[in-house]
Ligand SMILES: Nc1ncnc2c1ncn2[C@@H]1O[C@H](COP(=O)(O)OP(=O)(O)O)[C@@H](O)[C@H]1O
Ligand SMILES: [Mg+2]
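Numbering (our numbering), first residue to last: 18 to 408.
The structure is reproduced here in structure tokens:
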């Protein structure tokens with residue numbers, strides 16, 4: 018594993034980030050604060066991360082020349098999303114460039130079927146799942162899963178795009194057609210009582226776990242997280258135990274977010290792993306001693322891990338694009354949030370919004386998660402996404 022030879026990089030060494038979205042932006046902020054140089058690669062000019070970095074290479078993620086340029090100009094590379102051609106990353110690794118997490122890890126994670134198969138083999142609890150190659154097969158799996166399942170595209174999904182919930186036979190064909198063209202798997206529909214996630218940070222010296230976040234999704238998009246999750250210590254132990262096994266299985270260095278379902282009996286099942294900072298970890302910017310973004314910078318530069326201790330209870334609410342605005346926008350009412358103590362507003366610098374698009378988030382800190390959630394919700398309701406009218 019190339020990660021064993023991780024090199025300590027002092028500022029102003031250069032960190033290359035594949036992907037210029039909000040995760041890259043928040044990574045870049047911390048890297049810049051610590052004195053590193055940052056180059057991002059993204060096809061969209063002036064991408065959210067490009068705006069706060071030293072340089073953006075504007076090119077497709079499949080452009081090997083551009084990826085190689087990023088590699089040549091960086092001392093180490095990482096990525097902010099997992100839908101990258103892993104073959105290209107392997108080529109760069111074979112040319113001697115350092116990438117964390119490695120292409121091998123990304124190959125295991127980016128295909129949900131491959132990922133779940135590896136987890137299951139390692140004895141980590143996951144929902145029942147089956148590969149699906151035809152409508153006929155889908156119908157058979159539907160029977161096996163008692164008439165309730167989630168059809169998933171094995172690659173390329175995010176924010177629920179690539180998933181179809183099937184609870185009736187009549188939905189089989191439409192769901193299959195909608196996702197045809199992708200490698201598919203069908204998964205047991207988990208009647209969970211909670212969704213939670215934990216971030217594990219692993220470097221050359223050890224592992225640090227972040228507090229467990231409790232996540233609420235709507236239409237498969239994260240709406241809010243509260244931290245710490247309201248779970249028993251037994252459930253917390255099971256989560257940490259599974260997370261330990263996941264990290265061991267990956268045998269790599271990086272920041273990993275592991276999403277779980279918790280059922281009514283207190284069983285925990287791994288939903289999926291992200292090999293990068295995660296939306297459910299945004300609270301760590303203000304809520305923890307070391308944010309998930311600073312942590313990934315520390316890991317890839319071969320520096321010591323920082324403490325992930327929670328400073329106080331937190332709530333993070335996503336700011337999503339509303340149905341009324343599609344295109345250029347501005348935020349009205351920000352002064353309301355700025356008048357609230359320990360309530361933190363983040364806007365990602367995206368040029369356009371559209372319904373349900375993640376354009377920012379709010380983190381509130383409080384004595385309790387309910388107090389923090391109340392504050393974050395009040396803050397969110399006090400602002401509006403407004404259309405910029407063309408003149
Ligand atoms: N097997 C399942 N049972 C019940 N709900 C599910 C299942 N799989 C996914 N979901 C719901 O859909 C959301 C998104 O699914 P996920 O597989 O995590 O896809 P994405 O890659 O889009 O994050 C989950 O957070 C959960 O709310
Ligand atoms: Mg997910």
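Note that the Cβ used here is the ideal one computed from N, Cα and C, for glycine as well.
{"Query": "Compare the beta carbon distance of residue 287 and residue 168 with 8 Å and say whether it is the shorter of the two.", "Result": "no"}
{"Query": "How is the alpha helix (DSSP H) around residue 78 delimited, first residue to last?", "Result": "Counting along the chain, residue 78 falls outside any alpha helix (DSSP H), and DSSP gives it neither H nor E."}
{"Query": "Starting from residue 33 and walking both ways along the beta strand (DSSP E), at which residues does that stretch end?", "Result": "31-35"}
{"Query": "Residue 167 lies in the beta strand (DSSP E); which residues open and close that run?", "Result": "166-170"}
{"Query": "Counting C-beta neighbours from all protein chains within 10 Å, is the total for residue 296 16 or more, i.e. buried, or is it exposed?", "Result": "buried"}
{"Query": "Ordered along the chain, which non-local residues of its own chain (more than five positions away) have a Cβ less than 7 Å from that of residue 18?", "Result": "Because residue 18 sits at a pLDDT of 42, beneath the cut-off of 50, its placement in the model cannot be relied upon, and the point is left open."}
{"Query": "Classify residue 73 as buried or exposed, calling it buried when 16 or more other Cβ atoms lie within 10 Å of its own Cβ.", "Result": "buried"}
{"Query": "Just confirm the distance between the C-beta atoms of residue 90 and residue 31, as a whole number of angstroms; I'd bet it's less than 8 Å.", "Result": "6 Å"}
{"Query": "Using the C-alpha atoms, what's the distance from residue 184 back to residue 94?", "Result": "42 Å"}
{"Query": "Can you check which of these residues, 102, 97, 189, is closest to residue 156 by C-alpha distance?", "Result": "189"}
{"Query": "Sort 392, 343, 350, 334 by Cα distance to residue 378 and report the nearest one.", "Result": "334"}
{"Query": "What three-state label does DSSP hand residue 310 in the structure shown?", "Result": "helix"}
{"Query": "From 311, 307, 316, 233, pick the residue whose C-alpha is nearest to that of residue 278; which is it?", "Result": "233"}
{"Query": "Between the Cα of residue 211 and those of 227, 280, 163, 192, spot the shortest distance and give me the residue it belongs to.", "Result": "280"}
{"Query": "For residue 325, which residues of its own chain have a beta-carbon under 8 Å away from its beta-carbon, when the five flanking residues on both sides are left out?", "Result": "216, 218, 225, 226, 227, 228, 301, 305, 306, 307, 312"}
{"Query": "Per DSSP, what are the beta-bridge partners of residue 234 in this structure?", "Result": "239"}
{"Query": "So is the beta-carbon of residue 98 under 7 Å away from any non-hydrogen atom of ligand 1?", "Result": "no"}
{"Query": "Tell me, to the nearest whole angstrom, how far the beta carbon of residue 319 is from that of residue 25; I am working on the premise that it is less than 8 Å.", "Result": "4 Å"}
{"Query": "Taking 8 Å as the CB-CB cut-off, is residue 48 touching chain C?", "Result": "Here chain C cannot be found, since the structure has a single protein chain."}
{"Query": "Considering only the beta carbon of each residue, do residue 263 and residue 141 sit closer than 8 Å?", "Result": "yes"}
{"Query": "Counting only runs of 3+ residues fully inside the region 79-150, write out the beta strand (DSSP E) ranges in chain order.", "Result": "93-96, 146-149"}
{"Query": "Could you check whether residue 260 and residue 248 sit closer than 8 Å to each other, using their CB atoms as the reference points?", "Result": "no"}
{"Query": "For residue 47, does the three-state DSSP call read helix, strand or coil?", "Result": "helix"}
{"Query": "Write down the C-beta distance between residue 207 and residue 144 rounded to the nearest angstrom, noting that I regard them as a contact closer than 8 Å.", "Result": "5 Å"}
{"Query": "State the start and end residues of the unbroken alpha helix (DSSP H) segment that holds residue 261.", "Result": "250-267"}
{"Query": "So for residue 405, helix, strand or coil by DSSP?", "Result": "coil"}
{"Query": "Using DSSP with H/G/I as helix, E/B as strand and the rest coil, what is residue 302?", "Result": "helix"}
{"Query": "Taking a cut-off of 7 Å, which residues have a beta-carbon closer than that to any heavy atom of ligand 2, in chain order?", "Result": "276, 288, 289"}
{"Query": "Of all the beta strand (DSSP E) runs that stay within the bounds of the region 350-403, which reach a length of 3 or more residues?", "Result": "360-364, 375-383"}
{"Query": "Who are the near neighbours of residue 348 in its chain, counting only those whose CB is closer than 7 Å to its CB and skipping five residues on each side?", "Result": "364, 400, 402"}
{"Query": "Can we count residue 279 as close to ligand 1, meaning its CB is less than 7 Å from some heavy atom?", "Result": "no"}
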